[in-house]
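Comments concern the structure below.
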Amino acid sequence: MAIRIIRKKDDEVLSKVCKPVTVFDKKLGILLDDMYDTMKMYEGVGLAASQVGILKRVVVIDAGTGRVELINPEIIEESGVQNGLEGCLSVPGVYGEVERPNKVTVRALDRNGVPFEITGEELLARALCHEIDHLNGKLFLERATRLETSQKGQEKV
Ligand code: NI
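So in our numbering, spot 115 of the sequence shown is number 146, and the numbers just go up one at a time.
Okay, here's the thing in structure tokens:
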């Protein structure tokens with residue numbers, strides 16, 4: 032286990048589009064484990080590989096319903112709307128009002144390259160959308176209609 036350095040908002044790596052994973056090896060497993068430990072250490076609910084400087088389509092999430100690992104995730108269905116404050120481990124101390132679908136279904140591969148689907152609502156749906164945005168080089172700041180600072184207790188994804 033290793034805690035990786037989280038890149039912050041002015042780091043250009045965060046605006047790059049991540050590449051699909053094609054090799055499912057031990058190194059990928061180590062990256063996933065490190066990302067999970069790093070996310071937990073900083074009390075986030077999600078982390079994308081670009082946030083630790085790796086431009087690959089790899090995401091970990093724990094929105095209170097357990098550990099989820101997503102390789103090459105894609106949203107295949109979305110419905111409803113939710114509005115709420117959203118934060119990000121790469122943008123400490125800033126929260127933004129962001130509209131997201133209330134429910135999304137994502138297709139992805141697991142760490143062994145086996146496909147699966149996951150459906151999430153509310154916070155999990157928000158985290159799935161937020162992390163997939165990271166893989167496409169997007170921060171929540173560009174979707175936010177309003178920004179706030181130092182909102183204690185908000186989720187960081
Ligand atoms: Ni984030």
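Idealized CB from N, CA, C, for every residue including glycine. The structure presented is a predicted model; accordingly, all values stated were derived computationally and were not measured.
Any heavy atom of ligand 1 closer than 6 Å to the CB of residue i?
i	result
V188	yes
C160	no
C49	no
Is it buried or exposed for residue i, if we count other Cβ within 10 angstroms and need 16 for buried?
i	result
R98	exposed
A33	exposed
F147	exposed
G151	buried
P104	buried
I92	buried
K39	exposed
L63	buried
G75	buried
L178	exposed
T53	exposed
I36	exposed
D56	exposed
S121	buried
Specify, as a first and last residue, the run of the beta strand (DSSP E) that residue i falls within.
i	result
C160	Premise fails: C160 lies in the alpha helix (DSSP H), 153-166, not in any beta strand (DSSP E).
T136	134-140
L78	77-79
L116	113-119
E179	177-180
Could you compute how far the alpha carbon of residue i sits from the alpha carbon of residue j?
i	j	result
M72	E153	23 Å
C119	A80	13 Å
D141	V188	20 Å
I163	V90	8 Å
T136	I149	6 Å
V112	V129	10 Å
I106	R138	6 Å
G168	G124	20 Å
Y67	G60	11 Å
Indicate, with yes or no, if ligand 2 has a heavy atom lying under 6 Å from the CB of residue i.
i	result
E100	Among the ligands present in this structure, namely ligand 1, ligand 2 is not found.
Considering residue i, what are the terminal residues of the alpha helix (DSSP H) in which it resides?
i	result
Y126	Not the alpha helix (DSSP H): Y126 falls in the beta strand (DSSP E), residues 122-131.
Exercise. At what residue ranges does the stretch 61-104 contain a whole run of the alpha helix (DSSP H), taking only runs of 4 or more?
Worked result: With a minimum length of 4 residues, no continuous alpha helix (DSSP H) run stays inside the stretch 61-104.
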